[in-house]
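Residue numbers (our numbering): 31 to 388.
By construction, the Cβ of each residue, glycine as well, lies at the ideal position given by its N, Cα and C atoms.
Below is one structure, written out as structure tokens, with a few remarks after it.
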């Protein structure tokens, strides 16, 4: 079985969000896909199977199957075009648990067409207090709280607060939600020109150039951690240790810089001159992912919120994880278009004996 690792929402290796993409000649059993996802130890592993009207697409974290994933969808589309399974002008069509999803090439970007999840206010004051405590901030910094899809959207008072969060992941597991997106308005966005690694015109340095100028040792590496072990490791994201998922233990000698980022309090930052409409981070220990580096699906809720708040349909977004990632967003009725680049960092094959060993 062909297997690839793709860095999504990045134009350079080792940025954005890594996803494994498996090309299946025939459908695999769910248990086998879950086992492979555990072996990959990335936030998401995508499985593609050719069907009459496109590709069947399923996504797995190391702990569970999920209904929607942006970066692994972008990675899957990238591989279909790169391997010639789709022509340059062809649309990628994916049949998923969230219905039909499509992707198209737009220059060097890939644009996903996802359902919009318009946030609905979470009115329980105790929920706001509980979440603020789990995020490690005073409740007055949590300006508003909403639900969208299966997740919470927490609007914070500033970009600095978002970047500086050091969540208690044990406490986050007690919050009534699957995942938590935290967001704030991008600082200095008024009256400035934005240039970013997505290739948009302007006079500010690109994100990729800003990151390449930094010593990569300054960026803490984190890990994917099984939901059961997240209880034991509340602030484990600061350790920079990889997780041995099969044994449910932390392996101090195998920290993987390409693993999912868990950068509490140490967000990647583009040049201070860079301009974004909004910034965010995404935490999801309930499905075995402490912090996701760049979360396309979270912007199905983030984009409609900021579109309404700012009175504009097109947005520039930055997800402030250690790896960091930029997204172009457009709200179009009940859909959200999410665009970004991708780069393949690994090409290989899963040994056939693995498919019969479990």
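No residue range can be given for residue 383, since it is assigned to no beta strand (DSSP E) and is classified by DSSP as neither H nor E. The beta carbon of residue 67 sits closer than 7 Å to those of 75, 90, 91 and 92, all from its chain and outside the five residues before and after it, given in chain order.
Of the candidates 374, 176 and 58, the residue whose Cα lies closest to the Cα of residue 153 is 176. Short of 8 Å from the beta carbon of residue 122, and not among the five residues preceding or following it, lie these beta carbons of its own chain, in chain order: 84, 85, 106, 107, 110, 111, 116, 132, 133 and 134. CA-to-CA, the gap between residue 197 and residue 180 works out to about 20 Å. Along the region 81 to 150, the alpha helix (DSSP H) occurs as fully enclosed runs of 4 or more residues at 100 to 112, listed in sequence order. By the C-beta criterion, the region 31 to 38 is judged not to be in contact with the region 307 to 316, since fewer than 3 inter-stretch pairs fall below 8 Å. Around the beta-carbon of residue 59, fewer than 16 other beta-carbon atoms lie within 10 Å, marking it exposed. Counting every other CB atom within 10 Å of its CB across the protein chains shown gives residue 307 a total of 16 or more, marking it as buried. For residue 48, the closest of 78, 348 and 103 by C-alpha to C-alpha distance is 103. In terms of Cα proximity to residue 185, the closest of 383, 331 and 137 is 331. Counting along the chain, no beta strand (DSSP E) covers residue 306, and no H or E run does either.
Straight-line measurement puts the Cα of residue 192 at about 24 Å from the Cα of residue 367. With contacts defined by Cβ atoms closer than 8 Å, residue 370 and residue 78 do not form a contacting pair.
Where residue 210 is concerned, the enclosing beta strand (DSSP E) starts and stops at 210 to 215. Residue 348 is positioned such that its CB atom lies no closer than 8 Å to that of residue 204.
Judged by DSSP in its simplified three-state form, residue 365 adopts strand. Distance from the CA atom of residue 149 to the CA atom of residue 170, rounded to whole angstroms, is 20 Å. For residue 340, the number of other beta carbons within 10 angstroms of its own is below 16, and it is reported as exposed. Considering only 352, 335 and 338, the residue with the shortest C-alpha distance to residue 320 is 352. Taking all protein chains in view, the Cβ of residue 57 is surrounded by fewer than 16 other Cβ atoms within 10 Å, so the residue is classified as exposed. DSSP, read as helix, strand or coil, puts residue 48 in strand.
Setting aside the 5 residues that flank it on each side, residue 165 is surrounded in the same chain by 195 and 197, each with a C-beta closer than 6 Å to its C-beta; the list follows chain order.
Residue 183 and residue 383 have their C-alpha atoms roughly 43 Å apart.
Around residue 378, the same chain offers 33 as residues with beta carbons nearer than 7 Å, after the five sequence neighbours per side are excluded. Per the coordinates, the alpha-carbon of residue 137 lies some 10 Å from the alpha-carbon of residue 118.
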